[in-house]
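A short write-up of the structure that comes next.
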Amino acid sequence: MKKTLGKLLFCFCFLIFSACSEKKSSVDVDVLVVGGGASGVAAGIQSARLGVNTLIIEETPWLGGMLTSAGVSAVDGNYRLPAGIWGEFQSKLADYYGGLDSLKTGWVSNVLFEPSVGNRILCQMAEAEKNLSLYFNTKWEKVEKEDDVWYVTVSKSDGSKEIVSSRVLIDATELGDIAKECGVAYDLGMESKALTKEDVAPDSANNIIQDLTYVAILKDYGVDVTIPKPENYHPEEFACACENSYCQTPKEPDRVWSKDMMITYGKLPNNKYMINWPIEGNDYYLNLVDMSREERDKALQDAKDYTMRFVYFIQKELGYNTLGLADDEYPTADKLPFIPYHRESRRIHGLVRFDLNHIMNPYSQEDPLYRTSIAVGDYPVDHHHTRYRGPEVLPNLYFHPIPSYGLPLGVMIPKDIDDLIVAEKSISVSNIANGTTRLQPVVLQIGQAAGVLAALSIKQGKDIDEVAVRDVQDVILNAKGYLLPYLDVPVSDDRFTAYQRVGATGILKGVGKNVEWSNQTWLRADTVLLSSELSGLYEFYPSVKSNLDMQVAKGVTTQNFMKLVSEIAQEEGKKMDTDFGKVWKDCGLNTWNPNSEIIRGDAAVIIDKVLDPFHAKQINIKGEVIQ
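According to my numbering, the stretch in the sequence shown is residues 246 to 872, in order.
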């Protein structure tokens with residue numbers, strides 16, 4: 246972005262008159278990541294892997310945030326889309342426990358693990374990177390910017406302070422605190438239907454956020470470990486958490502399950518249990534986003550007390566008296582996690598805003614944001630509002646069905662602040678969309694993309710918003726990340742990159758659908774390419790004319806498709822052999838038969854190899870082709 250007149254005058258004053266004091270830093274890095282949660286650790290690892298000097302500062306002694314420090318060690322979504330660092334983490338968990346099937350210990354997820362194990366794995370991954378430094382038990386205090394350099398004052402557990410300077414700053418805090426400190430505009434709560442055009446949004450905007458949860462990790466001690474009755478305990482608070490004598494008038498009659506089903510919901514390896522129960526359990530309504538750090542700590546004590554009352558309910562009323570807080574997970578005085586599980590935070594005003602409409606109908610939006618995708622998700626929109634007690638009637642967003650989707654790059658880039666990237670749950674999405682983008686695998690990918698963007702900004706000497714979208718996507722693909730969530734094209738497929746690149750142009754479009762908890766999108770690589778499916782090709786190459794009738798769902802012959810590609814190549818000034826059979830062979834395809842109907846996967850390979858539209862035509866942050 247262009248420098249402001251004020252900044253130029255400041256620099257002039259500094260250089261000529263030495264009227265301004267020079268900022269001194271104790272530590273100088275290229276990229277500073279504030280927050281070592283799910284997005285922060287992924288950002289730091291990826292930035293370091295690209296050869297950039299990177300530092301993560303984290304308030305707790307652990308890495309992983311909601312995955313570990315908050316105790317939400319049951320991963321929601323993306324089990325069959327093991328993208329990038331999320332895929333690495335999943336694989337290392339499987340190696341530790343003895344295979345992917347060993348992670349299926351509870352029914353809420355296909356990937357469950359002990360939080361302490363997750364932390365150790367993430368620490369090992371981070372410590373393996375020579376360009377990455379870690380500050381644990383470190384809090385940020387002040388953020389300033391001077392002459393295109395960020396200066397962040399931090400305090401360590403021993404009381405000492407340092408000033409860390411960096412060229413690029415990544416906000417990976419749980420609640421977007423750095424973004425607020427830097428003056429980034431943001432939203433909090435639900436937008437109105439009139440604003441977002443989302444059919445399930447409320448009629449009027451409000452400031453209501455999702456319930457948070459102070460998770461408890463229990464383990465089976467084999468003896469009675471019932472805790473003393475907590476102050477203000479009333480079993481009616483949790484009456485219909487499951488089937489029991491207290492449940493008379495359940496709020497959700499279709500979700501009153503047995504106590505055994507409730508307790509095994511988040512069963513972890515080694516006879517441990519994650520208590521993160523949304524049905525009249527330990528979900529707790531508390532909007533602390535705009536509170537001070539001290540106010541948050543005080544308010545969170547109520548959430549902790551609430552969880553302890555639920556633990557007592559489980560022990561005393563449900564009879565699980567051998568289950569107590571695990572003594573080998575958190576080194577805290579109360580054995581509870583370091584932080585609560587925040588489902589929602591500030592949502593910045595970014596260069597683009599991603600909403601439910603982009604998920605439901607990605608190809609019919611004004612801005613083709615799918616072309617700029619850097620992460621994928623397949624979990625339904627899932628909002629937790631059961632503990633809110635207010636007059637507003639909130640939409641029912643319990644597992645609202647959606648197709649799987651790609652998340653655009655621009656959601657991480659604030660509108661008006663240079664050299665700042667926002668990750669975690671504070672990206673520029675609607676309140677409704679946050680119900681799916683907040684989940685652990687997506688947030689890990691957001692962090693990885695943030696690390697890519699930051700590192701490329703440093704290596705290319707460009708502002709964040711000047712880094713080419715395709716450059717970011719290339720790195721993600723090289724790191725075995727997904728741009729679009731094609732289930733029929735795994736990372737191991739030789740054609741994976743080609744399919745992802747062509748899909749990200751929109752020349753061939755996937756088909757998405759809702760399938761229970763795991764939503765799906767298919768490229769349909771093995772199906773015949775129909776003439777009615779060529780609209781994407783003409784959209785990307787509008788100058789091309791064809792005799793093929795797009796209104797007819799008729800298979801396109803290999804010969805006709807190659808003629809069309811040849812015409813485009815000529816228009817684009819690209820060389821293409823007139824011997825179509827040779828081109829076919831050079832692309833590594835099977836036997837050439839000009840009269841056969843071409844399948845979509847072969848068409849994608851031809852397009853990628855011959856035309857290379859992914860690189861030949863750059864796009865802007867909104868997905869528009871730069872002519």
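Even for Gly, the Cβ is constructed at its ideal location relative to N, Cα and C.
Neighbourhood of residue i by C-beta distance below 7 Å, restricted to the same chain and skipping five residues each side
i           : result
residue 832 : 850, 851 and 854
residue 504 : 487, 488, 489 and 563
residue 330 : 287, 290, 291, 689 and 693
residue 437 : 446, 447, 448, 449 and 450
residue 826 : 837
Contact under 8 Å by Cβ, residue i with residue j
i           : j           : result
residue 664 : residue 413 : yes
residue 705 : residue 732 : no
residue 662 : residue 828 : no
residue 593 : residue 673 : yes
residue 348 : residue 685 : no
residue 642 : residue 623 : no
residue 356 : residue 341 : no
residue 366 : residue 345 : no
residue 417 : residue 278 : yes
residue 568 : residue 518 : yes
residue 651 : residue 722 : no
From the options, residue whose alpha carbon lies closest to that of residue i
i           : options               : result
residue 292 : 699, 731 and 483      : 699
residue 306 : 286, 436, 348 and 290 : 286
residue 424 : 548, 535, 744 and 571 : 535
residue 301 : 289, 311, 312 and 294 : 289
residue 473 : 518, 566 and 502      : 566
residue 750 : 761, 737 and 783      : 783
residue 549 : 638, 477 and 431      : 477
residue 597 : 653, 640 and 632      : 653
residue 844 : 788, 775 and 707      : 775
residue 638 : 435, 334 and 422      : 435
residue 615 : 574, 531 and 718      : 718
residue 542 : 585, 359, 740 and 368 : 585
residue 295 : 469, 727 and 377      : 377
residue 364 : 410, 309 and 498      : 309
residue 696 : 469, 496 and 712      : 712
residue 658 : 649, 671 and 651      : 671
residue 440 : 677, 538 and 390      : 677
residue 787 : 817, 767, 759 and 798 : 817
Anticipated Cβ contact below 8 Å, residue i with residue j, distance rounded
i           : j           : result
residue 581 : residue 552 : 7 Å
residue 691 : residue 284 : 5 Å
residue 859 : residue 746 : 4 Å
residue 621 : residue 730 : 4 Å
residue 736 : residue 725 : 5 Å
residue 514 : residue 359 : 6 Å
residue 605 : residue 666 : Contact doesn't hold; Cβ gap of about 27 Å is too wide.
residue 421 : residue 590 : 5 Å
residue 625 : residue 762 : 6 Å
Rounded C-alpha distance that separates residue i from residue j
i           : j           : result
residue 395 : residue 687 : 27 Å
residue 842 : residue 807 : 11 Å
residue 516 : residue 320 : 18 Å
residue 354 : residue 404 : 41 Å
residue 266 : residue 392 : Per-residue confidence for residue 266 stands at a pLDDT of 39, beneath the threshold of 50, marking its modelled position as unreliable; the derived number appears in the next sentence. Between residue 266 and residue 392, the C-alpha separation is close to 12 Å.
residue 715 : residue 415 : 21 Å
residue 866 : residue 571 : 47 Å
residue 861 : residue 444 : 38 Å
residue 868 : residue 508 : 46 Å
residue 771 : residue 846 : 6 Å
residue 744 : residue 752 : 11 Å
residue 454 : residue 544 : 15 Å
residue 748 : residue 407 : 46 Å
residue 610 : residue 442 : 12 Å
residue 466 : residue 579 : 17 Å
residue 389 : residue 427 : 8 Å
residue 630 : residue 759 : 23 Å
Sequence-distant residues of the same chain with beta carbon closer than 8 Å to residue i, five excluded per side
i           : result
residue 520 : 460, 461, 462, 463, 511, 526, 527, 552, 555, 556 and 559
residue 491 : 480, 481, 483, 484, 485 and 562
residue 785 : 750, 751, 752, 858, 862 and 870
residue 350 : 357, 512, 513 and 514
Sequence-distant residues of its chain with Cβ nearer than 6 Å to residue i (five each side left out)
i           : result
residue 382 : 306 and 402
residue 275 : 297, 298, 412 and 703
residue 500 : 524
residue 821 : 811, 814 and 855
residue 872 : none
residue 400 : 384, 386 and 406
CB contact below 8 Å: residue i versus chain D
i           : result
residue 488 : Absent from the structure: chain D. Only one protein chain is present.
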